[in-house]
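Heads up: the sequence shown runs through residues 1253 to 1525, numbered per the working numbering.
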Amino acid sequence: MRKTLTKAAACAASLLALAAGTPALSGAAEGDIVEIEVLDGGLTPRGTYMGALRVKLQPGWKTYWRAPGDAGIPPSFSWRGARNVGALSITWPAPEVFLTSGYRTIGYHDQLVLPVEITPKTAGKPVRLKGRMQLGVCKDVCVPAELSFDHQLDSDAGRNPAIAAALASRPWSAKEAGVRHAACSLRPSEYGMKVTARISMPPAGGEEVAVIEPGAPNLYAGETTTRREGGLLVAETEFLPADGNAYAIDRSQLRITVLGQNHSVDIQGCSAG
C-alpha cells in the first residue's frame, strides 16, 4: 500500500512548518513529493522476515537520517496495527551530509531504503507490517509528512537487490573500521553536559563528520564539532535535557557515528576518559 504527499498537503504542511519555526524558503512543491512502499525480502536463515520501507522522493528533495543535524526533522515510526511482530530491527544505510542555507543536515536524496527485520511472535504464521512513518522532506521548502503503510510480508519472496544494497551500505562496525579505543569525558555546562569523545581510529576519508547520540529519550544533542589530532578523532557536543528534569548519562549507551568520504563508522559506547 502506498500513500503520497500531494501539492495541497505540502502547502498545508509548509504552513505548519513555518508556524513551528522549521527553516523554510520561498517556493512550492509541484506534484507528489514523497511516497512509501513496503518491499519483500523473504525469510532469513534465522527464521526472521526481511522487509524494507522504501521512501521515494521527487528529484531535488531530500529526507533525514535518525539524527538529522542542525535543522532537520527526525523520522519517527508507529507500528500500530502490525500483526505477529515479536521484535523489529531497523538498519540505517550510511547517510550524506548536506549544507543548506548555513545549516548542516544529514540524510538522503532521491530515495531511502530502510531494511526492517522482523522476528514473528509465532513462527510459521503470516506477518503483517502496518504503521505510519513521520518524516521531514526538504527542497525549497521544508515540510513534515506522515505516510501510512500496510502489507502482509511474503515468506516466499526471494532476495531483493534493493534491500541487499541498503544493508551493504550500512556504516562499518568499530571492529571493521579498525577503531582501537573510544573514550568519552563529561563536564557540566550552563544548560546541560559537554561530551568530548576521543577515538583512536584510521581516517574515514575526506572531511570527517562525527555525530554523538545520547541513547536516552530525555536528552537531545546539539551540533557536534569534529577535528583530528594525529591518530585521534576528537568530537565534542552538548547534551541538553528535553524536559528539564534530572538525568544521568550512561557512556555504554552513547552512539558515535563517523561519516567520511570513503566509509562511515558506527561506534557503540565508549569508556571513561
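Ideal Cβ placement from N, Cα and C applies to all residues, glycine included. Computed from a prediction, not measured in an experiment: that's the story for all the values here.
Report the option in the options whose CA atom is closest to the CA atom of residue i.
{"i": "Ala1426", "options": "Val1517, Arg1380 and Val1486", "result": "Val1517"}
{"i": "Trp1317", "options": "Gly1303, Pro1311 and Pro1345", "result": "Pro1345"}
{"i": "Arg1332", "options": "Gly1512, His1403 and Gly1383", "result": "Gly1383"}
{"i": "Ala1397", "options": "Ala1417, Trp1424 and Leu1309", "result": "Leu1309"}
{"i": "Asp1408", "options": "Ser1421, Lys1377, Leu1438 and Ala1418", "result": "Lys1377"}
{"i": "Ala1468", "options": "Ile1501, Asp1495 and Ser1437", "result": "Ile1501"}
{"i": "Asp1406", "options": "Cys1522, Arg1503, Ile1288 and Gly1294", "result": "Gly1294"}
{"i": "Gly1205", "options": "Ala1323, Gln1363, Thr1343 and Val1379", "result": "This structure does not reach residue 1205, given that the chain is present from 1253 up to 1525, and the question cannot be answered."}
{"i": "Ala1424", "options": "Leu1399, Pro1347, Asn1412 and Gln1363", "result": "First, the amino acid is wrong: residue 1424 is Trp here, not Ala. Taking only the C-alpha atoms, the option nearest Trp1424 is Pro1347."}
{"i": "Lys1391", "options": "Lys1446, Ala1418, Arg1422 and Thr1357", "result": "Thr1357"}
{"i": "Val1307", "options": "Leu1419, Ser1400, Leu1351 and Pro1297", "result": "Ser1400"}
{"i": "Glu1459", "options": "His1403, Thr1478, Lys1446 and Cys1522", "result": "Thr1478"}
{"i": "Thr1352", "options": "Arg1335, Gly1312, Val1431 and Ala1334", "result": "Gly1312"}
{"i": "Ser1441", "options": "Met1453, Leu1492 and Val1389", "result": "Leu1492"}
{"i": "Pro1466", "options": "Ser1504, Ala1498 and Val1431", "result": "Ser1504"}
{"i": "Gln1363", "options": "Ala1334, Arg1411, Gly1410 and Ala1417", "result": "Ala1417"}
{"i": "Pro1245", "options": "Arg1298, Gly1474, Val1431 and Val1447", "result": "Nothing about residue 1245 can be reported from this structure: the residues present for the chain run from 1253 to 1525 only."}
{"i": "Ala1339", "options": "Val1365, Met1302 and Val1447", "result": "Met1302"}
{"i": "Thr1296", "options": "Met1453, Glu1488, Arg1411 and Ser1523", "result": "Arg1411"}
{"i": "Arg1298", "options": "Ala1334, Ala1375, Arg1335 and Ser1330", "result": "Ala1375"}
{"i": "Arg1422", "options": "Val1365, Ala1334 and Ala1498", "result": "Val1365"}
{"i": "Asp1292", "options": "Asp1402, Lys1446 and Met1453", "result": "Asp1402"}
Can you round the beta-carbon distance between residue i and residue j to whole angstroms, since I take them to be within the 8 angstroms contact cut?
{"i": "Val1290", "j": "Leu1305", "result": "6 angstroms"}
{"i": "Ala1434", "j": "Ile1519", "result": "5 angstroms"}
{"i": "His1515", "j": "Ala1429", "result": "7 angstroms"}
{"i": "Val1337", "j": "Lys1373", "result": "7 angstroms"}
{"i": "Gly1525", "j": "Gly1457", "result": "At roughly 26 angstroms, the Cβ-Cβ gap does not stay under 8 angstroms, so Gly1525 and Gly1457 are not in contact."}
{"i": "Gly1496", "j": "Leu1506", "result": "About 21 angstroms separates the two Cβ atoms, so there is no contact after all."}
{"i": "Gly1388", "j": "Ile1325", "result": "3 angstroms"}
Does DSSP put residue i in a helix, in a strand, or in coil?
{"i": "Ala1269", "result": "Unreliable positioning characterises Ala1269 in this predicted model, as indicated by a pLDDT of 39, which lies under 50. A coordinate reading is not provided."}
{"i": "Ala1414", "result": "helix"}
{"i": "Leu1405", "result": "coil"}
{"i": "Arg1503", "result": "helix"}
{"i": "Ala1435", "result": "strand"}
{"i": "Ala1449", "result": "strand"}
{"i": "Ala1420", "result": "helix"}
{"i": "Ser1400", "result": "strand"}
{"i": "Ala1375", "result": "coil"}
{"i": "Ser1341", "result": "strand"}
{"i": "Val1517", "result": "strand"}
{"i": "Ala1281", "result": "Its pLDDT being 33, under 50, Ala1281 is placed unreliably by the model, and nothing is read from it."}
{"i": "Ala1524", "result": "strand"}
{"i": "Pro1353", "result": "Looking at the sequence itself, residue 1353 is Ser, so the reference to Pro does not match. Looking at Ser1353 - three-state DSSP - the assignment turns out to be coil, as it is neither helix nor strand."}
{"i": "Gln1386", "result": "strand"}
{"i": "Thr1509", "result": "strand"}
{"i": "Glu1442", "result": "coil"}
{"i": "Arg1254", "result": "Its pLDDT being 41, under 50, Arg1254 is placed unreliably in this model, and the coordinates cannot settle the point."}
{"i": "Ala1494", "result": "coil"}
{"i": "Thr1296", "result": "coil"}
{"i": "Glu1465", "result": "strand"}
{"i": "Ala1473", "result": "strand"}
{"i": "Val1367", "result": "Per the sequence shown, residue 1367 should be read as Pro rather than Val. Three-state result, Pro1367: strand."}
{"i": "Ala1276", "result": "Confidence at Ala1276 is low in this model, with a pLDDT of 29, below 50, so its placement is unreliable and the value that follows should be read with caution. Correct three-state label for Ala1276: coil."}
{"i": "Glu1428", "result": "coil"}
{"i": "Val1393", "result": "coil"}
{"i": "Pro1311", "result": "coil"}
{"i": "Pro1320", "result": "strand"}
{"i": "Ile1288", "result": "strand"}
Is the separation between the beta-carbon of residue i and that of residue j shorter than 8 angstroms?
{"i": "Ile1508", "j": "Leu1484", "result": "no"}
{"i": "Val1463", "j": "Thr1476", "result": "yes"}
{"i": "Gln1386", "j": "Ser1328", "result": "yes"}
{"i": "Ile1415", "j": "Thr1300", "result": "no"}
{"i": "Val1349", "j": "Val1510", "result": "no"}
{"i": "Gly1444", "j": "Glu1490", "result": "yes"}
{"i": "Pro1320", "j": "Thr1343", "result": "no"}
{"i": "Leu1471", "j": "Ala1494", "result": "yes"}
{"i": "Arg1380", "j": "Gln1404", "result": "yes"}
For residue i, decide whether its Cβ has a neighbour in chain B, counting only Cβ atoms nearer than 8 angstroms.
{"i": "Leu1305", "result": "The structure shown contains no chain B; it is built from a single protein chain."}
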